[in-house]
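Enquirer:
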Amino acid sequence: MSTNVPDSTLEGPHRGPSATAASSRRQWRATDGGALTRLLQRISLARKMASYRFSSYIFCHLWLLKLVFTVLRRVRPISIFGKLVVLTKMSDVREVLGRFDDFTLGEVIEPGMPWGAFLMTVDWKEQHERERALLQSIVKPKADPLTIRNSVADECRERIATATNGRIDMVAEFAEPAVIRIAADYFGVAPLKNDKHRMARATRHLAGIIMVNPPVGSQPWIDSRDDMVVLTQQLLEQIEAVKSAIGASRQSELPDNFLTRLTLLLHVGGTPKWFDEDWIRRYLTGLVATGLATVVRGTSQTVDQLVARPDSLREAQRLAAALDDAEAHERRLTSRASEVERRSVAERVARSRTALMRYIYEALRFRPMLPLLVRDCPRETIIANGTRRVRIVPAGARVLAAPLAAMFDPDAFPQPLRFEPNRPLENYIHFGDGERHCFGRYVAEAALMEMVRALLRLPGLARAAGADGQIRYEGPAPCSFVLTFNRQTIGAQER
6 MSTNVPDSTL EGPHRGPSAT AASSRRQWRA TDGGALTRLL QRISLARKMA
56 SYRFSSYIFC HLWLLKLVFT VLRRVRPISI FGKLVVLTKM SDVREVLGRF
106 DDFTLGEVIE PGMPWGAFLM TVDWKEQHER ERALLQSIVK PKADPLTIRN
156 SVADECRERI ATATNGRIDM VAEFAEPAVI RIAADYFGVA PLKNDKHRMA
206 RATRHLAGII MVNPPVGSQP WIDSRDDMVV LTQQLLEQIE AVKSAIGASR
256 QSELPDNFLT RLTLLLHVGG TPKWFDEDWI RRYLTGLVAT GLATVVRGTS
306 QTVDQLVARP DSLREAQRLA AALDDAEAHE RRLTSRASEV ERRSVAERVA
356 RSRTALMRYI YEALRFRPML PLLVRDCPRE TIIANGTRRV RIVPAGARVL
406 AAPLAAMFDP DAFPQPLRFE PNRPLENYIH FGDGERHCFG RYVAEAALME
456 MVRALLRLPG LARAAGADGQ IRYEGPAPCS FVLTFNRQTI GAQER
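No gaps in the numbering here: position 489 of the sequence shown is 494 in the numbering used here, and each next residue is one more.
Given below as structure tokens:
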């Protein structure tokens, strides 16, 4: 098979933007008709970039959205502004996210996915179920989360060991290397050209165009397309290498990752016609692009909220230590341990893990990974039927079903302004809801847990002074957040 970049990537999805930077620049400049035209293009692009930067700011600094949602929830819980519908109640958000056929996603998100169709863009319910089921069929429910936790924990230890001055950028020097390792070890997607720094930038760029799509022709837009082409080329080469190994009966030499499992499944045969090498490329790209930077965003924003609350930080550190103790006890069990004892210890580990996850989920409630979810309404329908706030949603409306609004609804989260980690975990919608809930939730939860607890182990954990100690963003994706800790105390503990 040729490893040339496929036409679907060069030309983009049928409703999406062009994907290659070179052809994109040519197309964008094709209307060049002289100095005046160039000036008008620059002015137009500058205006669009200002709008993009403002949208990115709103997406990352949530105070304005929280204020707007609070006011609307009191005045008009389901607000309609022309073709925009804004929901502020948890029950209404869950209703919209759960009505697959009535509220679609493909048209909304496809322009931000230049690599082609992906699970999130499939609005045909039966096909969505088939493709999700195929992905799920290669997941090992018990082994995979453990693999992810071990990879992340190893990377976190290595990164903390290099922070010899008691100062670490938890985005660039900690979380991004950890998720890049997930991409390589679990998904089978190696760093771009074996450059981890470039891979980190690429995940930032690709996630950015999904969260807040930059203007066509802008530098963020061009960078994302450049990265897309390189990633596509590399994935095609990796798929070809796996196929060659399978053809030479060397499967046993292949690493057990997503890429290998999908390629083996294709080789065995008996799969649907739509499942082919391009499907593997598109879905691996989609999993990496939509998941990695989102986990980085979630981790940094969780820690940001914890260090802002010293009492909650101390309790989270205590729970992290309790989880460490429970896992150490489990590892010390000998072959002579009874089944009852093993079950008791396993339950203790599970309880400790859940207790710490409550703090992570509650911290994320104040600054969610994805504060806004959007759906399209292809035909007129009703929301909140049978309630006093019932509204008719017009055909063609865009619906803002925001987790940020829903998770501050007092009916679902009493005293929503209070940090309360004992809330039921099922109340949160950090990973969406309904049949389009996040496929990679198990990956994100395992990674979040390991990264957060690795930082919670650090004595004297605090944000750095000044601007360095605040999360900085490149577009909508975090790029820096510096923490400090007591390096000497760690050294003494190790000795």
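Each residue gets a CB set at the ideal place from its N, CA and C atoms; glycine is no exception.
1. Take Phe192 and list the residues in its own chain whose beta-carbon comes closer than 7 Å to its own, dropping the five residues that flank it on each side.
2. Nearest CA to the CA of Ala327: which residue from Leu461, Ala417 and Lys71?
3. Beta-carbon separation of Arg477 and Val312 under 8 Å?
4. At which residues does the beta strand (DSSP E) containing Ser257 begin and terminate?
5. What do you reckon, are the CB atoms on Asp414 and Arg78 nearer than 8 Å?
6. Does DSSP put Pro277 in a helix, a strand or coil?
7. Distance check for Gly252 and Pro182, CA to CA, integer angstroms please.
8. Going by other Cβ atoms of all chains shown within 10 Å of its Cβ, with 16 needed for buried, is Ile397 buried or exposed?
9. Decide if the region 299 to 318 is in contact with the region 363 to 378; the criterion is three or more beta carbon pairs, one per stretch, under 8 Å apart.
10. Out of Pro225, Met95, Gly474 and Pro429, which one is the CA nearest neighbour of Leu488?
11. Cβ of Ala451 within 8 Å of Cβ of Val90?
12. Between His442 and the rest of its own chain, which residues show a CB-CB distance below 7 Å, the 5 nearest in sequence each way excluded?
13. Taking only the alpha-carbon atoms, compute the straight-line gap between Arg99 and Ser343 and give it to the nearest angstrom.
14. For the structure I just gave you, are there three or more beta carbon pairs, one from the region 46 to 60 and one from the region 368 to 375, closer than 8 Å?
15. Based on the DSSP output, what are the partners of Thr489 in its beta bridges?
16. When DSSP labels each residue in this structure, what does Arg380 get in the three-state scheme?
17. Find the nearest neighbour of Arg52 within the set Glu352, Phe105, Pro421 and Pro219, judged by alpha-carbon distance.
18. Could you tell me the distance, in whole angstroms, from the CA atom of Pro464 to the CA atom of Leu422?
19. Using a Cβ-Cβ cutoff of less than 8 Å, which residues in the same chain neighbour Ile380 once the five nearest sequence positions on both sides are dropped?
20. Using the three-state DSSP reduction, which class does Arg403 fall into: helix, strand or coil?
21. For Asp232 and Val350, what's the separation of their Cα atoms in angstroms?
22. For Lys201, which option in Asp97, Pro399, Leu378 and Ala180 has the closest C-alpha, if you only look at C-alpha atoms?
23. Short of 8 Å in beta carbon distance, which residues of its chain neighbour Leu140, apart from the five on each side in sequence? Order them along the chain.
24. Who are the Cβ neighbours of Arg206 in its own chain at under 7 Å, not counting the five residues just before and after it?
25. Which class does Ser23 belong to by DSSP, given the choice of helix, strand or coil?
26. Helix, strand or coil: how does DSSP classify Tyr478 here?
27. Taking DSSP's pairing of strands, which residues face Arg396 in a bridge?
28. Closest by CA to Cys65, which one among Pro146, Leu151 and Thr299?
29. The beta strand (DSSP E) with Ile85 in it runs from where to where?
30. In the DSSP assignment, the alpha helix (DSSP H) including Leu453 goes from what residue to what residue?
31. Below 6 Å CB to CB, which residues in the same chain sit around Arg266 once its five sequence neighbours on both sides are set aside?
32. Tell me Thr109's beta-bridge partners as DSSP assigns them.
33. Using only the alpha-carbon positions, how far apart do Arg323 and Arg47 sit?
34. Which two residues bound the contiguous alpha helix (DSSP H) that contains Leu289?
35. Between which two residues does the alpha helix (DSSP H) holding Leu211 run?
36. What residues match up with Val501 in a beta bridge as DSSP calls it?
Expert: With the given structure in hand:
1. In the sequence shown, counting from the first residue as 1, residue 192 sits at position 187. Result list for Phe192: Asn262, Phe263, Leu264, Leu289, Leu292 and Val293, in chain order.
2. Locating residue 327 in the sequence shown gives position 322, where the first residue counts as 1. Among Leu461, Ala417 and Lys71, the Cα nearest to that of Ala327 is on Leu461.
3. Stepping through the sequence shown from its first residue, residue 477 is reached at position 472. Stepping through the sequence shown from its first residue, residue 312 is reached at position 307. Not closer than 8 Å, so no.
4. The residue given as residue 257 occupies position 252 in the sequence shown. Unbroken run through Ser257: none, as it is neither H nor E.
5. By 1-based counting over the sequence shown, the position of residue 414 is 409. By 1-based counting over the sequence shown, the position of residue 78 is 73. Closer than 8 Å, so yes.
6. Taking the sequence shown and counting its residues from 1, the one referred to as residue 277 is at position 272. Three-state result, Pro277: coil.
7. On the sequence shown, position 177 is the one that residue 182 refers to. On the sequence shown, position 247 is the one that residue 252 refers to. The straight-line gap from Cα to Cα measures roughly 33 Å.
8. For the purposes of this step, residue 397 is identified with residue 392 of the sequence shown, where counting begins at 1. With fewer than 16 other Cβ atoms within 10 Å, it is exposed.
9. yes
10. Taking the sequence shown and counting its residues from 1, the one referred to as residue 488 is at position 483. The candidate whose alpha carbon is nearest that of Leu488 is Gly474.
11. Residue 451 sits at position 446 when you count from the first residue of the sequence shown. Residue 90 sits at position 85 when you count from the first residue of the sequence shown. It is not a contact, given that the beta carbons lie outside the stated cut-off.
12. Working through the sequence shown from its first residue, we reach residue 442 at position 437. Excluding residues within five positions, the ones whose Cβ falls inside 7 Å are Phe436.
13. By one-based count along the sequence shown, residue 99 stands at place 94. By one-based count along the sequence shown, residue 343 stands at place 338. When rounded, the distance between both Cα atoms is 44 Å.
14. no
15. In the sequence shown, residue 489 corresponds to position 484, counting from 1. Arg172 and Ala467, per the DSSP bridge assignment.
16. The residue given as residue 380 occupies position 375 in the sequence shown. In this structure, Arg380 counts as strand in the three-state DSSP scheme.
17. In the sequence shown, counting from the first residue as 1, residue 52 sits at position 47. Closest option to Arg52, Cα to Cα, is Pro219.
18. For the purposes of this step, residue 464 is taken as residue 459 along the sequence shown, with counting starting at 1. For the purposes of this step, residue 422 is taken as residue 417 along the sequence shown, with counting starting at 1. Using only the alpha carbons, I get a separation of about 28 Å.
19. Residue 380 sits at position 375 when you count from the first residue of the sequence shown. Strictly speaking, residue 380 in this sequence is Arg, with Ile absent from that position. Hits under 8 Å: Val101, Leu102, Phe108, Thr109, Leu110, Val113, Arg403, Val404 and Ala406.
20. Position 398 of the sequence shown, counted from the start, is the residue given in the question as residue 403. DSSP places Arg403 in strand when its eight states are reduced to three.
21. Translated into positions along the sequence shown, residue 232 becomes position 227. Translated into positions along the sequence shown, residue 350 becomes position 345. When rounded, the distance between both Cα atoms is 46 Å.
22. Counting from one through the sequence shown, the residue named residue 201 turns up at place 196. Among Asp97, Pro399, Leu378 and Ala180, the Cα nearest to that of Lys201 belongs to Ala180.
23. Within the sequence shown, numbered from 1, the residue matching residue 140 stands at position 135. Taken in chain order, the residues that qualify are Leu124, Tyr288 and Phe444.
24. Numbered from its first residue, the sequence shown carries residue 206 at position 201. Around Arg206: no qualifying Cβ.
25. Here the question's residue 23 lines up with position 18 in the sequence shown. Here the model assigns Ser23 a pLDDT of 39, short of 50, so the residue's position is not dependable, and the following value carries that caveat. Here Ser23 sits in coil by DSSP.
26. Here residue 478 refers to the residue found at position 473 when the sequence shown is read from its first residue. Tyr478 falls in the strand class under three-state DSSP.
27. For the purposes of this step, residue 396 is taken as residue 391 along the sequence shown, with counting starting at 1. DSSP output for Arg396 lists Ile388 as bridge partner(s).
28. Along the sequence shown, one-based indexing puts residue 65 at 60. Closest option to Cys65, Cα to Cα, is Thr299.
29. For the purposes of this step, residue 85 is taken as the residue at position 80 of the sequence shown. Counting along the chain, the beta strand (DSSP E) containing Ile85 begins and ends at Ile83 to Phe86.
30. Reading the sequence shown from its first residue, position 448 is the one you call residue 453. Start and end: Arg446 to Leu461.
31. Looking up residue 266 in the sequence shown gives position 261. Answer for Arg266: Ile143, listed in chain order.
32. For this step, residue 109 is matched to residue 104 along the sequence shown. DSSP output for Thr109 lists Asp381 as bridge partner(s).
33. Translated into positions along the sequence shown, residue 323 becomes position 318. Translated into positions along the sequence shown, residue 47 becomes position 42. Going from the Cα of Arg323 to the Cα of Arg47 covers about 54 Å.
34. The residue given as residue 289 occupies position 284 in the sequence shown. Its alpha helix (DSSP H) spans residues Glu282 to Val312.
35. Position 206 of the sequence shown holds residue 211. Its alpha helix (DSSP H) spans residues Lys201 to Met216.
36. As displayed, the chain neither begins before 6 nor continues past 500, which places residue 501 out of reach and without an answer.
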